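Step one of this worksheet: look at the structure below.
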Amino acid sequence: MDRSKRILLVEDDNEIRELLCTFLSENGYETDTAANGMEGLKKALGTEYDLILLDIMLPYKSGDQVLKELRERSNVPVIVLSAKDMVQTKIDVIRIGADDYVTKPFDLGEVLVRMEALLRRSGRRNDDAEILRHKNLSLHVKEGRAFLKGKELSLTVKEYAILQLLLANPNKVFSRSNIFDSLWEDGGNYDDNAVKVHVSNLRSKLAALDSEEYVETVWGMGYRLAN
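Letter by letter, the sequence shown follows residues 1 to 227 of my numbering.
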């Protein structure tokens, strides 16, 4: 693990905040904290972090509002922490830009494993110098950037990873389970809704810049790169 990874924890519960900070520090992470949404957003936009742990129920500015405003300017990986265990809540926060979701009360080991998986995925953006191209789309793997019609796409870590997976395997159909197994490396339970929402978000961002289809649904099977 890279010992220099810097984490921002936005959490209003003092006990949880202190517990997580101690645990992450013991595991080699540098941590910064914020106790409310306004402070969290200010730090998130003013400092470079490798990952953000974000509570939803925050004073002054809710976590989902922080996430919405953050995504207008940053693609930093975000894991939402919430006591709400409803499927719709998870779908909603993923739809506005969360990369993962952990339900309270949580096991510290689970949080760590999910963090490490997400950091590995975001770090692989810099693994090689390959450029993947399809139609008007180009994905610069080394830089971790994607461009459509010359305009840079603002993608979350999971959206970028799904796009890279499809571009690297242009003739392969991926079921939702295939995508989950390939990109969710924390060994967690399969979440069909999470995959659907990430694919839907990716499609929306592509469609906003180009009328060409890039992600094709193969009914009863999954998704593939559209010809």
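Glycine included, each C-beta is placed from N, C-alpha and C at the ideal position. These numbers come from a predicted model, not from an experiment.
Q: Report yes if the CB atom of D85 is closer than 8 angstroms to the CB atom of T103, and no otherwise.
A: Yes. Within cutoff.
Q.
Need the endpoints of the alpha helix (DSSP H) that Y160 sits in, please.
A. If you look at Y160, you'll find it in the alpha helix (DSSP H) that goes V157 to A168.
Q: Within 10 angstroms of the Cβ of K151, are there 16 or more other Cβ atoms? Answer buried if so, exposed if not.
A: In this structure K151 is exposed. Its beta-carbon is surrounded by fewer than 16 other beta-carbon atoms within 10 angstroms.
Q: Could you check which residue in W219, S25 and L202 has the C-alpha nearest to that of L108?
A: Comparing Cα-Cα distances from L108 to each of W219, S25 and L202, the minimum goes to S25.
Q: Report the three-state DSSP secondary structure of L20 (helix, strand or coil).
A: Secondary structure of L20 (DSSP, three-state): helix.
**Q.** Rounded separation between N143 and W219 - CA only
**A.** A quick correction: the sequence has Glu, not Asn, at residue 143. Taking the CA atoms as reference points, E143 sits about 34 angstroms from W219.
Q | Assigned exposure category for A129 - 16 Cβ within 10 Å defines buried | A | For A129, the predicted structure reports a pLDDT of 42, less than 50, and the residue's modelled location is therefore unreliable. A value from the coordinates is still provided. It is exposed - the Cβ of A129 has fewer than 16 other Cβ atoms within 10 Å.
Q: Report, in whole angstroms, the separation of the C-beta atoms of V66 and L41, which I expect to be a contact under 8 angstroms.
A: At roughly 5 angstroms, the Cβ-Cβ gap stays under 8 angstroms, so V66 and L41 are in contact.
(Q) Does A98 pass the burial test, meaning 16 or more other C-beta atoms within 10 Å, or should it be called exposed? (A) Looking at its Cβ environment, which holds 16 or more other Cβ atoms inside 10 Å, A98 is buried.
Q | Close beta carbons around L132, own chain, < 8 angstroms, minus the five adjacent residues each side | A | Excluding sequence positions up to five before and after L132, its CB lies within less than 8 angstroms of the CB of S138, L139, V141, Q164, L167 and A168, all in the same chain and listed in chain order.
Q | DSSP bridge partner residues for D55 (one or two, in chain order) | A | Paired residue(s): L81.
Q | Through-space distance from I56 to E212, alpha-carbon basis | A | The alpha-carbon atoms of E212 and I56 are separated by roughly 36 angstroms.
Q: With a threshold of 16 other CB atoms inside 10 Å of the CB of R120, please say whether the residue is buried or exposed.
A: Classification for R120: exposed.
Q) In terms of alpha-carbon separation, which member of N136, I79, I96 and A83 lies closest to L112? A) If we check each option's Cα against that of L112, I79 comes out closest.
Q) Would you call the CB atoms of L9 and T47 closer than 8 angstroms? A) No.
Q: Locate the alpha helix (DSSP H) running through R203, then write down its first and last residues.
A: It spans D192 to A207 - the alpha helix (DSSP H) in which R203 sits, taken as one unbroken run.
Q: Have a look at N178 and I162 and give me their C-alpha separation to the nearest angstrom.
A: For N178 and I162, the distance between alpha carbons rounds to 11 angstroms.
**Q.** Contacting residues, own chain, Cβ-Cβ under 7 angstroms from R145 (five flanking each side not counted)
**A.** If you ignore the 5 residues before and after R145, its C-beta comes within less than 7 angstroms of the C-beta of E152, all in its own chain and listed in chain order.
Q. Taking A44 as the reference, which of G28, E18, E72 and L19 has the closest Cα?
A. Of G28, E18, E72 and L19, the residue nearest in Cα terms is E72.
Q. Roughly how many whole angstroms lie between the Cα atoms of Y29 and N227?
A. Looking at the two C-alpha atoms, the distance is approximately 43 angstroms.
**Q.** Alpha-carbon spacing of V173 relative to S204, whole angstroms
**A.** One C-alpha to the other measures close to 20 angstroms.
Q. Straight-line CA distance for I315 to L58?
A. With the chain covering 1 to 227 only, the question about residue 315 has no answer from this structure.
Q. DSSP beta-bridge partners for G222?
A. Answer is V218, bridged to G222.
Q. Since I7 contacts L51 with CB under 8 angstroms, what's their CB separation in whole angstroms?
A. The beta carbons of I7 and L51 sit about 5 angstroms from each other, so the pair counts as a contact at 8 angstroms.
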